[in-house]
Amino acid sequence: MRLRGRLTLLAVTVAAAPLALGACTSDRRQGNEGRAAAPELTVTPAEGTRDVPLSGEIGTLVKHGRITDVRITDDKGGTVAGEPREDGSGWVPNKVLQPKRTYTAEVTATGDSGKTVTRKTTFTTQPKSSKPAITSTLYFAGNRTYGTAMPVTVAFDPPIPKEARADVQRRLFVKTDPPQPGAWSWVSDGSQVYYRAPDFWRPGTTINVRAALEGLPIGKENVGDADRRATSKIGRQVELEIDNATKQMSVLRDGKLLRKLPVSLGKPSTPTSSGKMVIMEKHEFTTFDTRGSADPYVVDVEDAQRLTWGGEFIHGAPWSEGDQGYTNVSHGCTNLSAANADWLMGVTQVGDLVTVKGTEVTLDAGNGWTAWNVSWDEFAKGSALPVPPGLRPTPTQAPDPGAVAGGSPEPTPSASGG
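Here the sequence shown stands for residues 104 to 521, where the numbers follow the numbering used here.
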């Protein structure tokens, strides 16, 4: 029976040939003392493997050495560029492989002794899959400046089943400069996965993201839809603190209070959520349309900043200026005067942290980018792969996050609010 499609099958192990035995046992012992072991190299897919997924990569396992060169060519002689995994367990092509093509990989390992071992393996990819693709959305656009609470978010439709999450997570890559390692964490229903570090991003950090999901087998019935990339930077620290007890919003930059702004939050029948949220998108002008809901209305608003998928925004509300600072009258949004909302748009950035406290309900996980609404320990439990135990928040954390104003990703759910 032929086994197909798994990169780990029939791996080939190569070791440097042992030295010839000497005539004297005692001399042999002395000669072996201090000699580094020969490298052992395991490479997948094995020679002749067929039906390799289009997301295929070269698996590498080395004992007594390290990988020093990987070269892969297609059946037309073209070179396939790629880069190693950070843990050294594999080499990932920069682009998805082409269907029904033959590839040859040549992997070289250098041992601690200085000796090298090279192994070639040739494999063939599967035809383009006819299975339905799971739609992925990367909420991290390129060439932007984000706030320091910006999680890298990937959403899935339909959601990823629990048994397939580790395979998907292994194809999600984040690199930061300067280095600031983090972890992925899944929303319980598998509809979103977030990446963040234990602490807020450092201002000035460059973040490079790749969601290499095209052609990836996801469970038995689906495949991944696309290979997406984005590189952006982190800006200055800005945080909004909204207190229902005082009906005031504190706007802080680099830990210093810029202004306090009176607000009106959600009335008792439609309360604002309490919790740690992140500004998801910004609109100078939009329309809230809740027709079809229990409380239908249509209203045009200016200077709107989304906080949740459920339709909670910060926005200008000149109709409630007399209530701001005193009474909650909104449909769940944070109402500001027209002038204050316009000023705030020039201060905030997508990815800034917004903390609301003292309202009647708490923020639901996954209702927005809720990566900061749990402790690091709780966040790490949501990973489908092991999280390094030494990855912990610093004892003394930098001032809370944010950045200067700019662009935003394009979340697909329609606006609502009030």
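Yeah, the Cβ is synthetic: ideal placement off N, Cα and C, and Gly gets one too.
Q: Could you work out which residue in Ser372, Arg305, Ala348 and Pro320 is closest to Arg339 when comparing CA atoms only?
A: Selected option, being the one with the closest Cα: Arg305.
Q) What are the start and end residues of the beta strand (DSSP E) that includes Asp346? A) Val341 to Asp346 is the span of the beta strand (DSSP E), which, as asked, contains Asp346.
(Q) Check this for me: beta carbons of Trp289 and Ala487, under 8 Å apart or not? (A) Yes; because the gap between Cβ atoms is below 8 Å, this pair is in contact.
Q. Looking at C-alpha atoms only, which residue of Leu157, Gly285, Tyr249 and Ala444 is the closest neighbour of Pro491?
A. Residue Gly285 is the option with its Cα nearest to Pro491.
**Q.** Beta-carbon proximity list for Gly378, same chain, < 6 Å, skipping 5 on both sides
**A.** Excluding positions up to five away in sequence, the list reads Thr465, Leu466 and Asn476.
Q | C-alpha distance - Lys203 paired with Leu319, whole-angstrom precision | A | A straight-line Cα-Cα distance of about 15 Å links Lys203 and Leu319.
Q.
Given a cut-off of 8 Å on the beta-carbon distance, is the pair Thr248 and Gln283 in contact?
A. No, the pair does not count as a contact, with Cβ atoms beyond the cut-off.
Q. Taking the DSSP output, what are the residues bridged to Arg174?
A. For Arg174, the pairing in a beta bridge is given by DSSP as Glu209.
Q) What is the DSSP secondary structure of Arg274, counted as helix, strand or coil? A) Of the three classes helix, strand and coil, the one that applies to Arg274 here is coil, per DSSP.
Q. Who does Gln408 pair with in a DSSP beta bridge?
A. Per DSSP, Lys385 and Ile417.
Q. Hey, quick one: how far does the alpha helix (DSSP H) through Asn443 stretch, first residue to last?
A. Run containing Asn443: Ala441 to Met448, per the alpha helix (DSSP H) assignment.
Q.
Checking 8 Å against the spacing of the C-beta atoms, do Ser233 and Ala329 come in under that value?
A. Contact flag unset, no.
Q | Span of the alpha helix (DSSP H), counted from its first residue to its last, around Ala141 | A | From DSSP, Ala141 is part of no alpha helix (DSSP H); its letter is neither H nor E.
Q | Buried/exposed call for Val401, threshold 16 Cβ in 10 Å | A | Val401 comes out exposed.
Q) How is the alpha helix (DSSP H) around Asp480 delimited, first residue to last? A) First-last of the alpha helix (DSSP H) with Asp480: Trp479 to Lys484.
Q: Determine the burial state of Phe388: buried for a count of at least 16 other Cβ atoms within 10 Å of its Cβ, exposed for fewer.
A: Classification of Phe388: exposed, given that the 10 Å Cβ count is below 16.
Q: Can you tell me which of the three DSSP states Ser423 falls into?
A: It is helical.
Q: For Thr462, count neighbouring C-beta atoms within 10 Å of its own C-beta (all shown protein chains included) and say buried if the count is 16 or more, exposed if not.
A: With 16 or more other Cβ atoms within 10 Å, it is buried.
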